[in-house]
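Enquirer: In full-length UniProt numbering, the protein residues as written are 1 to 360.
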Ligand SMILES: Cc1cc2nc3c(=O)[nH]c(=O)nc-3n(C[C@H](O)[C@H](O)[C@H](O)COP(=O)(O)O)c2cc1C
């Protein structure tokens, strides 16, 4: 084992302030405005949404549209997807001065990732993953990190994480689900394997998956002994999750809108955020839910936020019917209701955009 690499990885983590509470990479959802909101309420490190390395290197507008940041938006890890080491390096070089690390997406389970050979499908190509980590590490001037899903086979997972560390990965995030645990089959997250990986590796390890409340955050840190906890869906529903306090979601939605205006968030991002932030209130005021689905301008979205705020249609975050729990507790897959389907469609819009670009 290269002791120098391990020491460098820890030095890097400590220089960031040893962050414990992480905002996950989320396509169309971990954009600058949302990152700034969660940072205000306890997030100590945030990831950009996944950026497509090939499109970034080929398109004149992609970087400007999908990679926005500002000096206060630190520490920041930029996540890239792709399978060609040279293209990944080229994309990383375009943004390395504006972030603290380049993260490789080894977890996306969607069909588009199968087609483009990235995410959890790339994880199947052991040698290629290790080459990508090594090549990136030696060609860029910031650390390389990885975010993986687990395999069904525990030994295969453990062996591979060790190899990823040896290849030069400085921080490993483990989403404790397999790529088959997706969409209606999400199911339980395996913290046990995350604990085993933490014990095995020498670099910092982050846990991802299965966090809904502040007590889950504490329990995950305690049970897995990881260095940090990363949240995605629960943070979307409650951007103040990492503050450990219960906040009024209507107030947070207003704050989000201010930041969305300030940082020029795209309407697709705003709409998808509001569906989750206001999920419980919109369950009561279904007329506003329909209005939100068809809203076309920033002001139309803002108007709905204000109306709901005035109605005080707030249901306590601890209520078990929040957005994150909409299917997580089900033993059997349940059909999604129409509005949820709509939200999922919105979330997939960037995938479609990438697909279209792929075809060009
Ligand atoms: C809207 C949305 C977008 C996502 N986009 C990404 C992404 O760009 N990159 C990535 O590695 N994971 C992505 N994920 C997966 C999350 O980062 C995370 O691994 C997963 O949701 C499990 O964490 P959770 O249980 O806290 O939600 C996304 C998840 C959601 C809900």
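From the three backbone atoms N, C-alpha and C, an ideal C-beta is built for every residue, glycine too. Just so you know, these numbers come straight off a predicted model, no measurement behind them.
Just checking my contact of residue 167 with residue 133 at CB under 8 angstroms: how many whole Å lie between their CB atoms?
Expert: Confirmed, Cβ separation roughly 4 angstroms.
Enquirer: Using a 10 Å radius around the Cβ and a threshold of 16 neighbouring Cβ atoms, would you call residue 89 buried or exposed?
Expert: Looking at its Cβ environment, which holds 16 or more other Cβ atoms inside 10 Å, residue 89 is buried.
Enquirer: Any heavy atom of ligand 1 closer than 7 angstroms to the CB of residue 273?
Expert: Outside the cutoff, so no.
Enquirer: What do you reckon, are the CB atoms on residue 301 and residue 274 nearer than 8 angstroms?
Expert: Yes, Cβ-Cβ distance for residue 301 and residue 274 is below 8 angstroms.
Enquirer: For residue 42, which residues of its own chain have a beta-carbon under 6 angstroms away from its beta-carbon, when the five flanking residues on both sides are left out?
Expert: If we look at residue 42 and ignore the five residues flanking it on each side, its Cβ neighbours are 21, 242 and 243.
Enquirer: Measuring alpha carbon to alpha carbon, tell me which of 193, 217, 65 and 31 ends up nearest residue 148.
Expert: Looking at the Cα atoms, 193 is the closest of the given residues.
Enquirer: In whole angstroms, what is the alpha-carbon distance linking residue 216 and residue 224?
Expert: Roughly 12 angstroms separates the two Cα atoms.
Enquirer: Taking 8 angstroms as the limit between beta carbons, can you name the residues of its chain near residue 69, skipping five residues before and five after?
Expert: Only 32, 48, 76, 98 and 99 meet the Cβ criterion.
Enquirer: Do you know whose CA, among 311, 207 and 28, lies nearest residue 287's CA?
Expert: Nearest C-alpha to residue 287: 311.
Enquirer: The beta strand (DSSP E) that contains residue 230, what's its start and end?
Expert: Per DSSP, residue 230 belongs to the beta strand (DSSP E) from 228-231.
Enquirer: Please classify residue 297: is it buried, with 16 or more other beta-carbons within 10 angstroms of its beta-carbon, or exposed?
Expert: Residue 297 should be labelled exposed.
Enquirer: Anyone know if the C-beta pair for residue 279 and residue 36 falls short of 8 angstroms?
Expert: No, the Cβ-Cβ distance between residue 279 and residue 36 is not below 8 angstroms.
Enquirer: Could you tell me the alpha carbon to alpha carbon distance between residue 82 and residue 214, rounded to whole angstroms?
Expert: About 34 angstroms.
Enquirer: Please tell me whether, using a cut-off of 7 angstroms, the distance from the CB of residue 56 to the nearest non-hydrogen atom of ligand 1 is below it.
Expert: Incorrect: residue 56 has no Cβ contact closer than 7 angstroms to ligand 1.
Enquirer: Roughly how many angstroms separate the alpha carbons of residue 212 and residue 111, rounded to a whole number?
Expert: Between residue 212 and residue 111, the C-alpha separation is close to 26 angstroms.
Enquirer: Measuring alpha carbon to alpha carbon, tell me which residue in 237, 306, 291 and 101 is nearest residue 34.
Expert: With distances taken between Cα atoms, residue 34 lies closest to 237.
Enquirer: Under 8 angstroms between the Cβ atoms of residue 228 and residue 19?
Expert: It is a contact, given that the beta carbons lie within the stated cut-off.
Enquirer: If you check the beta carbons only, do residue 144 and residue 104 fall under 8 angstroms apart?
Expert: Closer than 8 angstroms, so yes.
Enquirer: Tell me the DSSP secondary structure of residue 126 in three-state form.
Expert: In this structure, residue 126 counts as helix in the three-state DSSP scheme.
Enquirer: Starting from the Cα of residue 2, find the closest Cα among 305, 164, 26 and 158 and give me that residue.
Expert: Looking at the Cα atoms, 164 is the closest of the given residues.
Enquirer: Helix, strand or coil: which one does DSSP assign to residue 149?
Expert: If DSSP states are grouped into helix, strand and coil, residue 149 belongs with the strands.
Enquirer: Based on Cα-Cα distance, which residue from 52, 255 and 17 lies nearest to residue 117?
Expert: Nearest option by C-alpha distance: 52.
Enquirer: Ordered along the chain, which non-local residues of its own chain (more than five positions away) have a Cβ less than 7 angstroms from that of residue 120?
Expert: So the qualifying residues of the chain are 106, 107, 108, 109, 113, 149 and 179.
Enquirer: Along the chain, where does the beta strand (DSSP E) that runs through residue 104 open and close?
Expert: Segment 101-106, the beta strand (DSSP E) holding residue 104.
Enquirer: Mind checking which residues open and close the alpha helix (DSSP H) that includes residue 87?
Expert: Per DSSP, residue 87 belongs to the alpha helix (DSSP H) from 85-95.
Enquirer: According to DSSP, is residue 41 helix, strand or coil?
Expert: Three-state result, residue 41: coil.
Enquirer: Mind listing which residues have their beta carbon within less than 6 angstroms of any non-hydrogen atom of ligand 1? Chain order is fine.
Expert: Those residues, listed in chain order, are 24, 25, 26, 27, 29, 49, 50, 79, 105, 107, 108, 147, 175, 208, 209, 210, 211, 231, 232, 233, 234 and 347.
Enquirer: Please look up how many angstroms separate the CB atoms of residue 207 and residue 230, rounded, as I've assumed it's under 8 angstroms.
Expert: Between residue 230 and residue 207 the Cβ distance is about 7 angstroms, and since that is below 8 angstroms, they are a contact.
Enquirer: Which stretch, first to last residue, makes up the beta strand (DSSP E) that contains residue 77?
Expert: From DSSP, the beta strand (DSSP E) with residue 77 extends over 76-81.
Enquirer: How should residue 157 be labelled, buried or exposed, when 16 other C-beta atoms within 10 angstroms of its C-beta is the threshold for buried?
Expert: By the 10 Å Cβ count, residue 157 comes out buried.
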